[in-house]
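Chemist:
Number of protein chains: 2
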Amino acid sequence: MTLPPAMHVYLGDMPVEADVDALLAGGRGFAYGDGLFETMRAVGGEVPWWPAHRARLARGAERLGIVLPSARAMDRALRDLLLPHPDAVIKLVLTRGSGSRGYAPPSDVASVWMLSASALPPAPRAGGLVLRWCDLRLAMQPALAGIKHCNRLEQVLARAEWRDEGIDEGLMLDVEGNVVCATSANVFALREGRWWTPPVDRCGVAGVCREWALQALDATEGRLTPDELLASQAVVLCNAVRGILPVSRLGGHAWPSHPAVGDAQRRLAEAHPAFPVTDRGSPWA
Amino acid sequence: MTLPPAMHVYLGDMPVEADVDALLAGGRGFAYGDGLFETMRAVGGEVPWWPAHRARLARGAERLGIVLPSARAMDRALRDLLLPHPDAVIKLVLTRGSGSRGYAPPSDVASVWMLSASALPPAPRAGGLVLRWCDLRLAMQPALAGIKHCNRLEQVLARAEWRDEGIDEGLMLDVEGNVVCATSANVFALREGRWWTPPVDRCGVAGVCREWALQALDATEGRLTPDELLASQAVVLCNAVRGILPVSRLGGHAWPSHPAVGDAQRRLAEAHPAFPVTDRGSPWA
Numbered sequence: 034m035t036l037p038p039a040m041h042v043y044l045g046d047m048p049v050e051a052d053v054d055a056l057l058a059g060g061r062g063f064a065y066g067d068g069l070f071e072t073m074r075a076v077g078g079e080v081p082w083w084p085a086h087r088a089r090l091a092r093g094a095e096r097l098g099i100v101l102p103s104a105r106a107m108d109r110a111l112r113d114l115l116l117p118h119p120d121a122v123i124k125l126v127l128t129r130g131s132g133s134r135g136y137a138p139p140s141d142v143a144s145v146w147m148l149s150a151s152a153l154p155p156a157p158r159a160g161g162l163v164l165r166w167c168d169l170r171l172a173m174q175p176a177l178a179g180i181k182h183c184n185r186l187e188q189v190l191a192r193a194e195w196r197d198e199g200i201d202e203g204l205m206l207d208v209e210g211n212v213v214c215a216t217s218a219n220v221f222a223l224r225e226g227r228w229w230t231p232p233v234d235r236c237g238v239a240g241v242c243r244e245w246a247l248q249a250l251d252a253t254e255g256r257l258t259p260d261e262l263l264a265s266q267a268v269v270l271c272n273a274v275r276g277i278l279p280v281s282r283l284g285g286h287a288w289p290s291h292p293a294v295g296d297a298q299r300r301l302a303e304a305h306p307a308f309p310v311t312d313r314g315s316p317w318a
Numbered sequence: 034m035t036l037p038p039a040m041h042v043y044l045g046d047m048p049v050e051a052d053v054d055a056l057l058a059g060g061r062g063f064a065y066g067d068g069l070f071e072t073m074r075a076v077g078g079e080v081p082w083w084p085a086h087r088a089r090l091a092r093g094a095e096r097l098g099i100v101l102p103s104a105r106a107m108d109r110a111l112r113d114l115l116l117p118h119p120d121a122v123i124k125l126v127l128t129r130g131s132g133s134r135g136y137a138p139p140s141d142v143a144s145v146w147m148l149s150a151s152a153l154p155p156a157p158r159a160g161g162l163v164l165r166w167c168d169l170r171l172a173m174q175p176a177l178a179g180i181k182h183c184n185r186l187e188q189v190l191a192r193a194e195w196r197d198e199g200i201d202e203g204l205m206l207d208v209e210g211n212v213v214c215a216t217s218a219n220v221f222a223l224r225e226g227r228w229w230t231p232p233v234d235r236c237g238v239a240g241v242c243r244e245w246a247l248q249a250l251d252a253t254e255g256r257l258t259p260d261e262l263l264a265s266q267a268v269v270l271c272n273a274v275r276g277i278l279p280v281s282r283l284g285g286h287a288w289p290s291h292p293a294v295g296d297a298q299r300r301l302a303e304a305h306p307a308f309p310v311t312d313r314g315s316p317w318a
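Just so you know, the protein sequences line up as chains A and B, in that order.
Add 33 to the 1-based position in the first sequence for my numbering, that's all there is to it.
Add 33 to the 1-based position in the second sequence for my numbering, that's all there is to it.
Spelled out as structure tokens, the structure:
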């Protein structure tokens with residue numbers, strides 16, 4: 034592994050002593066966002082969708098040419114982390130590791146990767162999510178679309194558009210004006226009794242919960258304009274940490290509850306024990 | 034500063050002890066490429082273009098909403114690094130620092146930033162650079178265009194398209210087919226005795242050497258098709274580490290040397306002591 038011969042690290046205006054830090058600070062994850070990540074929900078010491086997360090990570094690593102750690106090493110690392118953190122949000126970041134300065138990917142370097150556990154998110158707003166439209170449009174980059182890479186400034190800027198705690202999420206359009214996703218969730222719309230979700234071939238992420246829902250709900254991929262979304266019978270957001278969440282409002286538009294949403298949540302509860310259906314429907318609803 | 038309550042770091046299949054590393058590993062630079070960088074050339078213990086680099090960094094920080102460290106702290110850090118590394122490539126990475134999980138930018142956190150020194154690059158190929166066209170097209174994202182942010186997977190993928198050491202750089206087009214830049218340099222083309230360079234309002238980086246050349250060479254910003262570039266009298270690449278480098282070949286096309294290139298290099302030599310003109314013209318030519 035090649036590291037710069039000298040490196041100083043700072044926090045605000047103050048220097049920080051750098052040791053093994055050089056491994057991360059000299060790495061391409063830090064320099065270029067040259068990596069991939071997975072955000073997963075653990076329940077009872079297990080990550081029920083780990084095979085799907087690992088498969089998506091492998092697809093991303095293949096696309097970017099990053100060396101995937103062995104399944105054994107990842108399984109062991111996950112087990113070690115889950116033991117003290119059985120119910121948590123688990124994040125895995127896989128980066129290309131370190132190399133000499135410059136964009137050329139080094140050959141034969143070990144990937145640098147990291148697992149971390151965080152607290153579960155608070156329960157979402159009762160009665161459904163409140164959304165806004167984001168001003169920032171997603172650029173079209175088929176080479177990076179679908180995978181969960183670490184170049185996320187578009188999402189950071191979109192999420193920075195509001196600080197109002199009355200807004201739960203923002204919907205993003207692509208530069209052509211089609212609905213793509215929320216800043217950290219996929220979106221499904223119920224139209225004539227059928228679930229639709231935008232394709233992620235030009236921008237957006239192929240979410241693990243989205244993949245599950247496409248199959249389990251027999252949903253259809255298709256481009257959606259904002260007007261088509263607003264004319265839908267119901268709208269939900271989904272991701273692998275929060276499951277399926279109904280949307281109650283988007284700007285000035287409101288949706289009443291729809292039985293198809295509860296039905297989708299019940300199917301998810303059968304598939305993933307972290308999202309059980311309670312008396313009030315989903316614990317999130 | 035909020036860090037994940039648990040964090041493990043790995044190199045390849047092996048765990049690495051994490052201490053202050055958490056600062057970097059838990060940071061948004063690592064997670065999202067949520068940062069900016071400057072790559073500079075030091076000569077005789079100084080960075081002659083430091084004011085221009087700092088100004089671009091400030092513009093990027095303003096655009097992304099990242100807190101800029103004080104000029105005093107950056108000046109001092111640079112001085113400390115230059116003392117043992119008077120002639121080097123200096124890299125500054127400024128990231129938003131750490132916050133809780135999720136895209137929402139934390140408020141009131143200290144930026145994490147890093148300075149490093151690397152060896153100067155080897156002298157470029159005598160007689161001019163050999164280029165290729167990259168297949169990967171740059172996406173159009175005006176919100177990120179021009180600034181030198183850390184979301185660089187497009188450049189990494191473009192640079193990964195070739196390993197042939199006979200190729201020095203690759204030219205990139207945008208999705209509409211206009212010439213934008215090389216993977217790590219701006220491009221100028223001489224047309225009817227006048228230097229032209231593509232605008233960087235939709236993609237690409239406003240290079241510090243490019244900014245200098247726009248002024249010093251009285252160059253014009255304008256979109257260039259590949260055919261227009263190939264029909265130019267001369268083509269050069271430029272950046273703040275290597276100065277102005279003539280292009281001798283691009284795919285099957287060859288350019289003879291042109292006196293305007295030597296003239297541009299002489300003007301640069303007057304402006305920046307790291308790029309002196311020697312008997313053979315520029316030390317790089």
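Even glycine gets a Cβ: it sits at the ideal position worked out from N, Cα and C.
Note that the structure is predicted; figures quoted are calculated from it, not measured.
Would you please verify whether the beta carbon of A:Gly-135 is less than 8 Å from any beta carbon of chain B?
Modeler: For A:Gly-135, the answer is yes, since a Cβ of chain B falls inside 8 Å of its Cβ.
Chemist: According to DSSP, is B:Pro-319 part of a helix, a strand, or is it coil?
Modeler: In the structure as shown, chain B starts at 34 and stops at 318, and residue 319 of chain B therefore has no counterpart that could be examined.
Chemist: Please list the terminal residues of the continuous beta strand (DSSP E) segment that includes B:Cys-167.
Modeler: Note, B:Cys-167: premise wrong, no beta strand (DSSP E); not H, not E.
Chemist: Quick one: Cα of B:Lys-6 to Cα of A:Ile-180, how far?
Modeler: Given that chain B is displayed from residue 34 to residue 318, the structure contains no residue 6 of chain B and the question cannot be resolved.
Chemist: Given that B:Thr-27 touches chain A, what residues does it touch there, using C-beta distances under 7 Å?
Modeler: Any answer about residue 27 of chain B is impossible in this case: the structure gives chain B only from 34 up to 318.
Chemist: Spell out a yes or no on whether the stretch 160-178 of chain B and the stretch 107-125 of chain B are touching, meaning 3 or more CB-CB pairs, one atom from each, closer than 8 Å.
Modeler: No: the two stretches stay apart, fewer than three of their Cβ pairs being nearer than 8 Å.
Chemist: Could you tell me the boundaries of the beta strand (DSSP E) in which A:Gly-68 lies?
Modeler: Run containing A:Gly-68: 68-75, per the beta strand (DSSP E) assignment.
Chemist: Considering only the alpha carbon of each residue, which of B:Leu-177, B:Leu-164 and B:Gly-77 lies closest to B:Arg-92?
Modeler: Closest by alpha carbon: B:Leu-177.
Chemist: List the residues of chain E that A:Gly-78 touches, going by C-beta distances under 8 Å, in chain order.
Modeler: As a matter of chain content, chain E is missing from the structure shown, whose protein chains are A and B.
Chemist: Take the Cβ of A:Pro-155 as the centre, count every other Cβ of all protein chains shown within 10 Å, and call the residue buried at 16 or more, exposed below.
Modeler: Its Cβ having fewer than 16 others within 10 Å, A:Pro-155 is exposed.
Chemist: If contact means a Cβ-Cβ distance below 7 Å, which residues of the stretch 193-206 of chain A contact chain B?
Modeler: Under the 7 Å Cβ criterion, the stretch 193-206 of chain A contributes Ala-193.
Chemist: If you check the beta carbons only, do A:Pro-117 and A:Gly-77 fall under 8 Å apart?
Modeler: The answer is no: Cβ separation not under 8 Å.
Chemist: When you compare the stretch 256-276 of chain A with the stretch 209-218 of chain A, are there three or more beta-carbon pairs, one atom per stretch, that lie closer than 8 Å?
Modeler: The stretch 256-276 of chain A vs the stretch 209-218 of chain A: in contact.
Chemist: A:Gly-199 and A:Ala-191 - do their beta-carbons sit closer together than 8 Å?
Modeler: No, these two residues do not count as a Cβ contact at 8 Å.
Chemist: Since B:Pro-279 is in the beta strand (DSSP E), which residue starts that stretch and which ends it?
Modeler: Element bounds for B:Pro-279: 276-283.
Chemist: Look at A:Gly-130 and A:Gly-66 and say whether their C-beta atoms are less than 8 Å apart.
Modeler: No, Cβ-Cβ distance for A:Gly-130 and A:Gly-66 is not below 8 Å.
Chemist: Any beta-carbon of chain A closer than 8 Å to the one on B:His-182?
Modeler: Answer yes: the Cβ-Cβ gap between B:His-182 and chain A drops below 8 Å somewhere.
Chemist: With 16 other CB atoms within 10 Å as the buried threshold, where does B:Pro-279 fall?
Modeler: Label assigned to B:Pro-279: buried.
Chemist: Once the 5 residues before and after A:Val-80 are set aside, which same chain residues still bring their CB inside 8 Å of it?
Modeler: Excluding positions up to five away in sequence, the list reads Met-73, Arg-74, His-86, Leu-111, Leu-115 and Ile-123.
Chemist: Could you work out which residue in A:Asp-197, A:Leu-270, A:Asp-141 and A:Val-208 is closest to A:Gly-187 when comparing CA atoms only?
Modeler: What sits at residue 187 of chain A in the sequence shown is Glu, not Gly. Of A:Asp-197, A:Leu-270, A:Asp-141 and A:Val-208, the residue nearest in Cα terms is A:Val-208.
Chemist: In the stretch 84-99 of chain A, which residues sit with their C-beta less than 8 Å from some C-beta in chain B, listed in chain order?
Modeler: Cβ contacts with chain B: Leu-97 and Gly-98.
Chemist: Consult DSSP for B:Phe-63 and reduce its assignment to one of helix, strand or coil.
Modeler: Helix, per DSSP.
Chemist: Closest to A:His-286 by CA distance: which of A:Asn-272, A:Gln-266 and A:Gln-298 is it?
Modeler: The residue with the shortest Cα to Cα distance from A:His-286 is A:Gln-266.
Chemist: Throw me the rounded Cβ distance for the A:Cys-236 and A:Gly-68 pair, which I believe falls under 8 Å.
Modeler: Going by Cβ atoms, the distance from A:Cys-236 to A:Gly-68 rounds to 19 Å, so no, they are not a contact pair.
Chemist: Taking the straight line between their C-alpha atoms, what separation do you get for A:Met-107 and B:Ser-281?
Modeler: Their Cα atoms are separated by approximately 48 Å.
Chemist: Quick one, which of A:Pro-289, A:Asp-251, A:Leu-263 and A:Gly-284 has its alpha-carbon nearest A:Arg-300's?
Modeler: The option with the nearest alpha carbon to A:Arg-300 is A:Asp-251.
Chemist: Step through the CB atoms of chain B and report whether any lies within less than 8 Å of the CB of A:Val-294.
Modeler: Judged by the 8 Å Cβ criterion, A:Val-294 is not in contact with chain B.
Chemist: Which residue or residues does DSSP assign as beta-bridge partners of B:Phe-221?
Modeler: Paired residues: B:Val-269.
Chemist: Note the first and the last residue of the continuous beta strand (DSSP E) segment covering B:Gly-203.
Modeler: Taken as a continuous stretch (DSSP letters only), the beta strand (DSSP E) holding B:Gly-203 covers 202-206.
Chemist: Contact check, B:Ala-172 vs A:Met-173 under 8 Å by CB: the rounded distance?
Modeler: Yes, they are in contact, since the Cβ atoms of B:Ala-172 and A:Met-173 sit about 6 Å apart, within 8 Å.
Chemist: Flag A:Leu-153 as yes if its beta-carbon sits less than 8 Å from any beta-carbon of chain B, otherwise no.
Modeler: No, its Cβ sits nowhere closer than 8 Å to a Cβ of chain B.
Chemist: Select from B:Leu-223, B:Asp-113, B:Pro-231 and B:Gly-132 the residue whose C-alpha is nearest the C-alpha of B:Pro-269.
Modeler: According to the sequence provided, residue 269 of chain B is Val. The question's Pro does not apply to it. Comparing Cα positions, the closest option is B:Leu-223.
Chemist: Against B:Met-73, what residues of chain A qualify as contacts under a CB-to-CB distance less than 9 Å, listed in chain order?
Modeler: Per Cβ cutoff of 9 Å: no residues; B:Met-73 is ~12 Å from chain A at best.
Chemist: With 8 Å set as the bound, which would you pick, yes or no: does the beta-carbon of A:Gly-66 sit closer than that to a beta-carbon of chain B?
Modeler: At least one chain B Cβ lies under 8 Å of A:Gly-66.
Chemist: Please look up how many angstroms separate the CB atoms of A:Arg-89 and A:Ala-239, rounded, as I've assumed it's under 8 Å.
Modeler: So it is a contact: roughly 7 Å between Cβ atoms.
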